[in-house]
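J.: Dropping a structure here in structure tokens format, bear with me for questions.
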Amino acid sequence: MYRTIWMKSADATTSTYEPIPSVPSKAVLLIFPPLFHKGSLILKDLLKSKYSIIEKITLESSSQDVISWNTWNVIDNGKYLPLKLEPSKDIIAALIQRDGVYEDLHSLVEQYCHGSCSYPGMYFSPNSVMAFRDISHFFPRYRDERDYLKNSKEYLEVQVFPALNKALTELAVHRPSDPIKWLADRLNE
5 MYRTIWMKSA
15 DATTSTYEPI
25 PSVPSKAVLL
35 IFPPLFHKGS
45 LILKDLLKSK
55 YSIIEKITLE
65 SSSQDVISWN
75 TWNVIDNGKY
85 LPLKLEPSKD
95 IIAALIQRDG
105 VYEDLHSLVE
115 QYCHGSCSYP
125 GMYFSPNSVM
135 AFRDISHFFP
145 RYRDERDYLK
155 NSKEYLEVQV
165 FPALNKALTE
175 LAVHRPSDPI
185 KWLADRLNE
């Protein structure tokens, strides 16, 4: 499924029409105050790496949009943590797109954050489920539930169910004294 939408370059001086693939190849990138001054450089690097920047907005960290998004908690190394944002500082929110966006964006962000892919420098949607949440919050007009439902079903079939099935099989063999804790530990590995 391809749609044509308006895209802007990183410096916003030129615009082009380009075909946009399905929604699960989209992610939201947030650039926080510590790296805000490098925002245009980061966006130019995204364009060089063949990412499409669909839309870019600047928000204040104390705005209701950012506060309500932050209460959903952000993933950091597999744990959910609310970000500690500096009040009255600007944040760049960019809706970006490319095939393989979740895998490839990680390495590009690491070069700016020096190993930390989340706050204090940047946050990006780590998977399509979180991307749907992020897009729904910051760029709701680009949300397409049908594509995300299809992608989520595939994610469950390929990632979640096989891991759960394997862990349940091991649980039946090992029979630990605290099966729920044991299962949770296995699924978090």
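Just so we're aligned, residue 5 is where the sequence shown starts under the working numbering, counting upward by one. Think of the CB as a built atom: it goes at the ideal place given N, C-alpha and C, for glycine as much as any other residue.
1) Give the straight-line distance between the Cα atoms of tyrosine 116 and isoleucine 96, rounded to the nearest whole angstrom.
2) Check whether the Cβ atoms of isoleucine 61 and phenylalanine 142 sit closer than 9 angstroms, and answer yes or no.
3) Tell me the residue span of the beta strand (DSSP E) that contains valine 32.
4) From the DSSP output, read off the bridge partner residues of aspartate 94.
5) Roughly how many angstroms lie between the CA atoms of glutamine 68 and lysine 93, to the nearest whole one?
6) Nearest to tyrosine 55 by CA position, among Asn169, Ser72, Val105, Ser66, is which residue?
7) Could you give the distance in angstroms between the alpha-carbon of aspartate 80 and the alpha-carbon of serine 129?
T.: In brief:
1) Sequence index remark: in the sequence shown, residue 116 carries index 112 (1-based). Sequence index remark: in the sequence shown, residue 96 carries index 92 (1-based). About 15 angstroms.
2) Position 57 of the sequence shown, counting from 1, holds the residue named residue 61. Position 138 of the sequence shown, counting from 1, holds the residue named residue 142. Taking 9 angstroms as the Cβ cut-off, isoleucine 61 and phenylalanine 142 qualify as a contacting pair.
3) By one-based count along the sequence shown, residue 32 stands at place 28. Element bounds for valine 32: 30-35.
4) Residue numbering aside, residue 94 sits at position 90 when the sequence shown is read from its first letter. BP columns for aspartate 94 point to Glu64.
5) Counting from 1 along the sequence shown, the entry for residue 68 is found at position 64. Counting from 1 along the sequence shown, the entry for residue 93 is found at position 89. Rounded to whole angstroms, glutamine 68 to lysine 93 spans 13 angstroms at the Cα level.
6) For this step, residue 55 is matched to residue 51 along the sequence shown. If we check each option's Cα against that of tyrosine 55, Val105 comes out closest.
7) Here residue 80 corresponds to residue number 76 of the sequence shown, with the count starting at 1. Here residue 129 corresponds to residue number 125 of the sequence shown, with the count starting at 1. With a pLDDT of 47 at aspartate 80, under the threshold of 50, the predicted position of this residue should be treated as unreliable, though the coordinate-derived value follows. When rounded, the distance between both Cα atoms is 11 angstroms.
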